[in-house]
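According to this note's numbering, the first sequence is numbered sequentially starting from 45. Note that the Cβ used here is the ideal one computed from N, Cα and C, for glycine as well.
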Amino acid sequence: MGAPKQKWTSEEEDALRRGVVKHGAGKWRTIQKDPEFSPVLSSRSNIDLKDKWRNLSFSASGLGSRDKLRNSKITGPSSSPSSASSHALILPVANKVTEALPEAEKKPQDVKTPPKYGAMILEALSELNEPNGSEIGAIFGYIEQRHEVQPTFRRLLSSKLRRLADSKKIERVDNKFYRLADSFATRTPAPIKASAPKQKDPSKLSKASKNLGFFATSSPALDAAMAAAVKVAEAETRAHEAHDQMMEAERILKMAEETESLLTIAAEIYDRCSRGEITTLNPVQREF
DNA sequence: GTAGGGTTACTT
DNA sequence: AAGTAACCCTAC
């Protein structure tokens, strides 16, 4: 009603950015109360800061799809404030390597993941075929194992499901489970599809034709590797009988892929270091 | 207070 | 229809 939407201004965004540099990500309240940022962020709550930071992080996390207008200043080797020297998850700043790949074939031409999220959801629902409906987590897990998904997919999935339910493609049960509308299945295991996109085409994955075009932002490979690890764990817990073999194969393929990506990144880092560049990438702190 | 999942509104 | 950004809710 009275609050249509309060878009973040550049000043606010900048204040948040610097606030994170000063106090660190996670100290939202501190940042919000800091007299330096307080005037700018007065109308924002600590939660707002957190959410905004999350959005920034996601955007800069490599799947920018297209770098719109994110960057401006940053990666300034100058600031280097205070050596905070601690956590440092400063990431929502994409630095691009403005070098010049002699001739990079920048026409990867997606090999996988047709942007048909709706189809993937329907497929998952159809395959899971839960009488009482599947919970969003299960749906996500299923799709994640079958397709290459972005970190944002988890978030998109909610919208997607709601949208599909809204258009009567699927039905929502107990506000927590989703199932196909009776128009589609309930009985026939695979009326529409759920059989075609089974294979992921291991044939052509050798060259990292996906996003290594030019060492994008943080480190997609590391994220991917981490995601893969989590995925494996989940998969093992889940233990869908029929899919075990396939997942095994897929895991190996993925690992190979990740390894290659890491090598590429390592090479890039080495190159930059040898040219005296300051290479900062402190992407994550993870634990297995 | 913070992190994370989920939802709604707006944009492309 | 797909994607993004701001907001809300809840568990820790």
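- Closest in C-alpha terms to Lys-94, from the list Gly-68, Met-164, Pro-79, Gly-177, comes Gly-68.
- The three-state reading of DSSP puts Leu-172 in helix, counting H, G and I together.
- A Cβ-Cβ distance of about 6 Å is found for the pair Leu-169 and Tyr-222, placing them in contact under the 8 Å criterion.
- Residue environment analysis places Ile-91 among the exposed positions, since fewer than 16 neighbouring C-beta atoms fall within 10 angstroms of its C-beta.
- Less than 9 Å separates the beta-carbon of Arg-88 from that of Lys-96.
- For Glu-215, the uninterrupted beta strand (DSSP E) segment begins and ends at 214 to 217.
- Membership of Arg-61 in the alpha helix (DSSP H) is indicated by the continuous run 54 to 67.
- Taking a C-beta distance under 9 Å as the contact criterion, Arg-199 and Phe-102 qualify as a contact pair.
- At the C-beta level, Gly-177 and Arg-216 come within 9 Å of one another.
- With a threshold of 16 other beta carbon atoms within 10 Å, Gly-185 meets it and is buried.
- Counting of Cβ neighbours within 10 angstroms places Glu-55 among the exposed residues, the total staying below 16.
- Per DSSP, the continuous beta strand (DSSP E) segment holding Phe-221 begins and ends at 221 to 224.
- In summary, Arg-190 is buried, with 16 or more beta-carbon neighbours lying within 10 Å of its beta-carbon over all protein chains present.
- Within the same chain, and ignoring the five residues on either side of Gly-63 in sequence, the residues whose Cβ sits closer than 7 Å to its Cβ are Ile-75, Asp-78, Phe-81.
- Looking at the DSSP output, Glu-179 sits in a beta bridge with Phe-221.
- Taking C-alpha positions only, Leu-100 is separated from Val-65 by approximately 14 Å.
- For Ser-203, the enclosing alpha helix (DSSP H) stretches over residues 197 to 210.
- Distances from the alpha-carbon of Asp-58 to those of Lys-71, Lys-49, Gln-50, Leu-85 put Leu-85 closest.
- Between Ser-211 and Glu-174, the alpha-carbon positions lie close to 20 Å from each other.
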